[in-house]
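Protein chains in written order, with my numbering: chain A, 1 to 282; chain B, 1 to 282; chain C, 1 to 282; chain D, 1 to 282. Remarks on the structure that follows.
Protein chains: 4
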Amino acid sequence: MSAILLLSCPDQKGLVASISNFISENNGNIISLNEHVDLDEKMFFIRVQWETNNFEIENTELTVKFKPLAEKFNAKWRIEFTEHKSKLAIFVSKYNHALQEILWRNKLGEYNAEIACIISNHNDLENLANSYCIPFYCFSITDENKKLNEEKEIELLKNLEIDVIVLARYMQILSPEFVSQFPYKIINIHHSFLPAFMGGNPYKQAFIRGVKMIGATSHFVTNDLDEGPIIAQDIIRISHKDSVKDLVRKGRDLERLVLAKALHLHLEHRVLVQKGKTIVFE
Amino acid sequence: MSAILLLSCPDQKGLVASISNFISENNGNIISLNEHVDLDEKMFFIRVQWETNNFEIENTELTVKFKPLAEKFNAKWRIEFTEHKSKLAIFVSKYNHALQEILWRNKLGEYNAEIACIISNHNDLENLANSYCIPFYCFSITDENKKLNEEKEIELLKNLEIDVIVLARYMQILSPEFVSQFPYKIINIHHSFLPAFMGGNPYKQAFIRGVKMIGATSHFVTNDLDEGPIIAQDIIRISHKDSVKDLVRKGRDLERLVLAKALHLHLEHRVLVQKGKTIVFE
Amino acid sequence: MSAILLLSCPDQKGLVASISNFISENNGNIISLNEHVDLDEKMFFIRVQWETNNFEIENTELTVKFKPLAEKFNAKWRIEFTEHKSKLAIFVSKYNHALQEILWRNKLGEYNAEIACIISNHNDLENLANSYCIPFYCFSITDENKKLNEEKEIELLKNLEIDVIVLARYMQILSPEFVSQFPYKIINIHHSFLPAFMGGNPYKQAFIRGVKMIGATSHFVTNDLDEGPIIAQDIIRISHKDSVKDLVRKGRDLERLVLAKALHLHLEHRVLVQKGKTIVFE
Amino acid sequence: MSAILLLSCPDQKGLVASISNFISENNGNIISLNEHVDLDEKMFFIRVQWETNNFEIENTELTVKFKPLAEKFNAKWRIEFTEHKSKLAIFVSKYNHALQEILWRNKLGEYNAEIACIISNHNDLENLANSYCIPFYCFSITDENKKLNEEKEIELLKNLEIDVIVLARYMQILSPEFVSQFPYKIINIHHSFLPAFMGGNPYKQAFIRGVKMIGATSHFVTNDLDEGPIIAQDIIRISHKDSVKDLVRKGRDLERLVLAKALHLHLEHRVLVQKGKTIVFE
């Protein structure tokens with residue numbers, strides 16, 4: 001079992017010493033430490049993970065005990081514990097590939113997570129959810145019922161104490177009200193190498209432009225469509241032989257892998273956000 | 001020695017048979033054949049290369065002899081001969097890396113080309129040109145003299161019978177009048193994965209957006225800035241640790257390699273243009 | 001509907017003309033043609049695909065009608081028809097990832113194939129087979145029963161008219177007698193970038209050697225273990241942070257994708273074998 | 001200006017705290033910290049870099065002052081200063097590409113290094129050395145004079161206080177006596193993805209095996225040929241169309257980039273060696 005501190009603050013002398021002293025004085029053993037100093041912004045970022053087996057502070061006390069130090073540094077911070085499995089909600093529409101990938105990986109034990117529910121605006125993937133014994137909720141979204149249905153979704157997600165929302169090719173745009181309830185907790189996969197081909201039908205856009213590679217981008221959802229902080233990206237090569245249909249087929253593999261990777265990073269608490277960008281401590 | 005036919009026309013039955021019969025009836029031996037049918041556009045594209053050692057049509061007669069067939073197909077076409085070294089003009093400004101790469105590769109024999117001149121709007125790279133014994137011309141461009149100087153450049157390029165113009169990080173925008181003189185004969189390198197980050201300072205744009213990879217794109221120059229047909233693209237991964245200066249350093253490698261590859265493809269006559277996109281017969 | 005000719009023979013003048021004439025004279029329309037001349041070995045290879053809708057030779061007559069031409073060239077050749085779905089047998093042991101990937105892709109329609117049976121030396125994956133309604137056969141292999149059980153497997157595969165056998169992380173070595181029944185019809189996935197790390201436990205070997213990337217290789221099975229003709233390979237980057245367990249996890253993604261790609265190429269009849277190597281007409 | 005500590009020792013509680021306290025108590029500001037715990041081997045590795053502008057220990061005193069702490073941990077360690085430009089010796093034979101690449105990059109300021117000499121067993125690259133004003137020494141190696149000439153080389157390298165020896169496609173095998181003088185200070189580039197294709201003519205080996213990608217590997221030289229700790233590797237895709245000559249051409253680009261990257265990592269003091277493998281703190 002271990003604890004993970006994610007912290008950012010204005011850069012100053014003695015930060016690593018103070019934090020590592022706090023851990024070692026309480027008999028913790030650091031097993032992983034990543035640090036980044038942004039010399040332009042004069043900001044300090046750290047992810048430190050330590051074994052809590054003989055740690056002298058109880059998990060339940062840790063936040064209170066660490067708070068004075070964090071306040072001294074004027075830090076934004078949080079502490080996560082590996083014994084807590086993150087609770088996921090996966091939003092889908094009709095495509096099954098991104099959902100399938102996450103279900104497989106979680107079953108194989110790749111994620112420290114529990115998939116608490118699958119939410120869709122269509123019924124198509126209900127059987128897939130059932131085959132993994134995961135509760136499936138369908139909220140059919142129209143212009144008229146959107147506000148009401150989102151409120152129901154928020155209530156459901158809050159009741160289930162969801163930590164992370166994954167948009168696994170969910171074809172609806174979430175309202176600002178919805179997004180504001182889950183800051184930097186909603187991860188989307190967009191099927192282009194953003195910022196190229198924002199918006200609808202990026203494979204068609206890519207085909208028309210004649211690019212020699214297509215990409216996929218996983219990012220946190222903010223209220224600026226396709227403009228949230230990027231967590232992971234990848235590309236594959238294409239050629240003039242590929243039709244739009246080929247791009248869709250080839251792109252599926254990218255979408256699956258890039259979303260899976262971004263989720264893995266987030267579930268291991270390796271991603272910090274700063275000014276619309278991410279620091280990813282791989 | 002060999003001949004290369006590049007041809008595109010509306011798709012119809014018997015095209016490959018007609019073309020390959022023409023070659024074999026005149027005792028040519030095909031050593032490479034690439035073909036593409038665009039089923040949506042109902043267009044046919046071919047690149048076929050054959051040995052001319054025992055070919056019964058002289059190079060000088062070949063165009064005349066092939067013309068009736070091409071007209072029957074309503075084709076756009078050209079024939080190239082490997083004994084002709086393409087004559088290159090390289091345009092540069094102050095950065096030396098892309099120029100250096102091409103000079104070095106050509107000296108190693110990677111290109112079937114002769115670098116006939118280097119043209120710049122600055123004097124910085126004159127010594128490098130001299131060290132390879134290549135004539136260097138400086139045309140300092142201002143708003144006032146641009147038209148006049150471009151006319152002089154065009155005259156020089158025409159006199160030298162230039163086949164290909166390479167913009168090796170040339171920091172001036174060529175006028176439509178200039179570009180129209182050399183349709184699909186001007187190759188540029190842009191330091192982003194187009195269409196992302198068009199225009200100026202793409203590394204800065206990439207840094208601000210927080211992408212996880214940067215790219216480079218080599219394309220034919222048209223009058224739409226950074227929108228010409230793409231010949232080659234590649235990317236490398238970056239992280240939050242990379243400053244803009246790091247991106248510039250890492251991007252140099254990409255720029256060199258992507259431009260070198262696009263030029264290689266073009267000098268081997270492997271690139272056809274159709275509706276703002278390329279067919280690249282690798 | 002279309003026909004695909006795969007042919008190799010000693011290089012000689014007029015090959016493309018003869019083949020394309022045969023097609024066009026019988027009113028076939030070529031939609032794809034790939035050709036390769038090995039100048040060292042003086043060998044010619046071709047894959048040509050043409051629409052058979054108005055083709056004047058019936059599929060059942062085509063082999064007989066084409067034979068004289070092929071004999072004239074002293075060619076090795078075969079003709080495939082896209083209306084025939086290849087019949088697959090998938091061999092597995094305990095790992096499910098490669099099997100799952102193929103089942104899922106086939107269901108999505110990526111392959112022109114029917115999965116006729118899944119054969120295993122363990123029962124672990126029977127439920128997965130059942131969930132896709134595919135017959136599952138378990139042949140538990142011991143030193144004593146191997147010969148007998150392989151004979152039973154061969155009989156089953158012959159009865160089912162299997163075209164392609166996929167070893168989706170099957171942990172038994174097939175005997176030469178078995179392999180000889182299915183020349184270049186058995187595709188394996190090996191979890192290293194062959195020829196590095198042949199034999200058992202390649203991830204452990206990779207970890208010990210301290211390589212900075214791991215790979216996967218899909219190849220035809222011959223009687224030389226891990227030395228059959230390579231169809232597809234890919235790699236991913238790793239670092240000192242990765243344990244053997246991490247390599248297994250990361251490698252799974254590679255194994256799935258590389259096997260899936262090799263199978264895709266084979267099912268589209270894009271792979272020819274020559275002297276222990278493949279020509280892959282992508 | 002900054003100092004860089006590279007340290008490894010048996011893992012124990014309080015290591016990061018002790019080291020960071022040492023720095024902050026002497027008024028140093030950490031700008032980069034990488035750490036790795038090998039849980040299997042119970043070993044701890046760290047690279048920490050701090051600004052020395054206001055640091056209260058002089059560079060010349062730092063080793064003495066840090067020693068007690070290092071001894072307490074039973075550590076292997078060294079401290080480097082960014083104001084020291086590493087002195088390089090580059091060994092070459094006849095190929096110019098790897099040398100050219102390093103010369104270019106150093107001139108562009110990519111390396112914190114001074115190229116003190118170029119040593120060769122042939123005269124071919126003397127002009128290139130001269131054009132960069134770098135002393136060139138030719139030691140023609142035969143079986144008879146090898147011992148004597150290597151002694152002369154060692155003397156020269158010691159006199160020049162060389163920090164790093166780069167084998168930029170040097171075609172001689174260094175004797176164990178030579179290698180033992182420069183432990184983990186000699187960097188080689190091998191033109192394959194090791195451990196595949198060790199020894200001579202790896203491109204030919206790759207061609208014969210029919211791999212679908214070729215690689216390059218940069219590693220520290222030890223007395224086991226091509227088996228030293230790997231620093232960097234990369235690959236590119238090839239196909240059946242590529243002759244051995246094509247592999248040589250394409251491989252050159254890989255060799256250049258992989259060697260350049262490994263050298264960059266080493267010159268930034270980011271590489272630690274442990275049990276025949278490297279920890280690379282990128």
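For every residue, glycine included, the Cβ atom is placed at its ideal position computed from N, Cα and C.
For residue i, collect the residues of the same chain with a Cβ closer than 7 Å to its Cβ; drop the 5 residues on either side in sequence, then sort them by chain order.
{"i": "Asn112 of chain B", "result": "Thr82, Lys85, Ser86, Leu267"}
{"i": "Ser2 of chain B", "result": "Ile31, Gln49, Trp50, Glu51, Thr52, Thr82"}
{"i": "Phe139 of chain A", "result": "Ile119, Asn121, Asn149, Lys152, Glu153"}
{"i": "Lys65 of chain A", "result": "Ile57"}
{"i": "Arg78 of chain A", "result": "Leu6"}
{"i": "Ile279 of chain C", "result": "His36, Phe45, Leu272"}
{"i": "Arg237 of chain B", "result": "Lys212, Met213"}
Between residue i and residue j, what straight-line distance do the alpha-carbon atoms span, to the nearest angstrom?
{"i": "Leu283 of chain A", "j": "Lys13 of chain A", "result": "What the structure shows of chain A is the stretch from 1 to 282, and residue 283 of chain A is not part of that stretch, so it cannot be assessed."}
{"i": "Lys185 of chain A", "j": "Ile235 of chain A", "result": "25 Å"}
{"i": "Glu255 of chain D", "j": "Ala196 of chain C", "result": "19 Å"}
{"i": "Glu161 of chain C", "j": "Ala116 of chain C", "result": "9 Å"}
{"i": "Lys158 of chain A", "j": "Tyr137 of chain C", "result": "47 Å"}
{"i": "Leu128 of chain D", "j": "Phe193 of chain C", "result": "37 Å"}
{"i": "Ile173 of chain C", "j": "Lys107 of chain A", "result": "29 Å"}
{"i": "Asn145 of chain B", "j": "Ser175 of chain B", "result": "12 Å"}
Below 7 Å on C-beta distance, what does residue i contact in chain A?
{"i": "Leu125 of chain D", "result": "None at all; the shortest Cβ gap to chain A is about 36 Å."}
{"i": "Arg249 of chain C", "result": "Glu110"}
For a contact meaning CB atoms closer than 9 Å, what does residue i contact in chain D?
{"i": "Phe193 of chain C", "result": "Phe193, Ala196, Val211, Met213, Gly215, Ile235"}
{"i": "Leu257 of chain B", "result": "Asp253, Leu257"}
{"i": "Val179 of chain A", "result": "The premise fails here: Val179 of chain A is roughly 34 Å from chain D at the closest Cβ pair, so nothing lies under 9 Å."}
{"i": "Gln100 of chain B", "result": "Gln100, Trp104"}
Taking residue i as the query, report the chain A residues whose CB atoms sit under 9 Å from its CB, ordered along the chain.
{"i": "Ser32 of chain D", "result": "Glu35, His36, Val37"}
{"i": "Lys185 of chain D", "result": "What Lys185 of chain D touches in chain A: nothing, since even the nearest Cβ is about 28 Å away."}
Residue range of the beta strand (DSSP E) that residue i falls in?
{"i": "Ser24 of chain C", "result": "First-last for Ser24 of chain C: 15-25, but that is the alpha helix (DSSP H), not the beta strand (DSSP E)."}
{"i": "Thr63 of chain C", "result": "Careful: Thr63 of chain C lies outside any beta strand (DSSP E), inside the alpha helix (DSSP H) at 59-73."}
{"i": "Lys94 of chain D", "result": "It is not in any beta strand (DSSP E) - Lys94 of chain D carries neither H nor E in the DSSP assignment."}
{"i": "Ile214 of chain A", "result": "213-220"}
By the criterion of Cβ-Cβ separation under 8 Å, what are the contact partners of residue i in chain D?
{"i": "Ala260 of chain C", "result": "Under the 8 Å cutoff, chain D gives no residues; its nearest Cβ is about 15 Å from Ala260 of chain C."}
Please work out which residues of its chain come closer than 8 Å, Cβ to Cβ, to residue i, disregarding the five sequence neighbours upstream and downstream, and give them in chain order.
{"i": "Met43 of chain B", "result": "Ser8, Cys9, Pro10, Asp11, Val37, Gln274"}
{"i": "Ile286 of chain C", "result": "Outside the displayed range of chain C (1 to 282) lies residue 286 of chain C, so it cannot be described from this structure."}
{"i": "Ser218 of chain D", "result": "Ile187, Asn188, Ile189, His190, Ile230, Ile231, Ala232, Gln233, Val258, Leu259, Lys261, Ala262, Leu263"}
{"i": "Asn130 of chain C", "result": "Phe136"}
{"i": "Lys277 of chain B", "result": "Pro229, Ile230"}
Identify, in the order they occur along the chain, each residue of the same chain with its Cβ nearer than 6 Å to the Cβ of residue i, setting aside the five sequence neighbours on each side.
{"i": "Phe220 of chain C", "result": "Tyr184, Gly228, Pro229"}
{"i": "Thr222 of chain B", "result": "Gly228"}
{"i": "Tyr132 of chain B", "result": "Leu103"}
How far does the alpha helix (DSSP H) with residue i in it extend, from its first residue to its last?
{"i": "His97 of chain C", "result": "97-107"}
{"i": "Gly262 of chain B", "result": "The question names Gly, but residue 262 of chain B in the sequence shown is Ala. From DSSP, the alpha helix (DSSP H) with Ala262 of chain B extends over 244-267."}
{"i": "Asn112 of chain A", "result": "It is not in any alpha helix (DSSP H) - Asn112 of chain A carries neither H nor E in the DSSP assignment."}
{"i": "Gln181 of chain D", "result": "Here Gln181 of chain D belongs to no alpha helix (DSSP H), and DSSP marks it neither H nor E."}
{"i": "Arg209 of chain B", "result": "202-209"}
{"i": "Val39 of chain D", "result": "According to the sequence displayed, residue 39 of chain D carries Leu and not Val. It is not in any alpha helix (DSSP H) - Leu39 of chain D carries neither H nor E in the DSSP assignment."}
Could you work out which residues of chain B lie near residue i, taking near to mean beta carbons separated by less than 9 Å?
{"i": "Ala70 of chain C", "result": "Under the 9 Å cutoff, chain B gives no residues; its nearest Cβ is about 17 Å from Ala70 of chain C."}
Going along chain C in order, which residues have a C-beta closer than 7 Å to the C-beta of residue i?
{"i": "Ser288 of chain B", "result": "An answer regarding residue 288 of chain B cannot be provided, because it is not within the stretch 1 to 282 covered by chain B."}
Run down chain C in chain order and give the residues with a C-beta less than 9 Å from the C-beta of residue i.
{"i": "Ser131 of chain A", "result": "Ser131"}
Is the segment 255-264 of chain D close to the segment 102-110 of chain D, with three or more CB pairs under 8 Å? yes
Contact between the segment 206-216 of chain A and the segment 158-178 of chain A: three or more CB pairs below 8 Å? Taking 8 Å as the limit for Cβ pairs, the verdict is that the segment 158-178 of chain A does not touch the segment 206-216 of chain A.
Should the segment 71-79 of chain A be regarded as contacting the segment 8-27 of chain A, the criterion being three or more beta carbon pairs within less than 8 Å? Note that the segment 71-79 of chain A touches the segment 8-27 of chain A; at least 3 beta-carbon pairs, one per stretch, sit closer than 8 Å.
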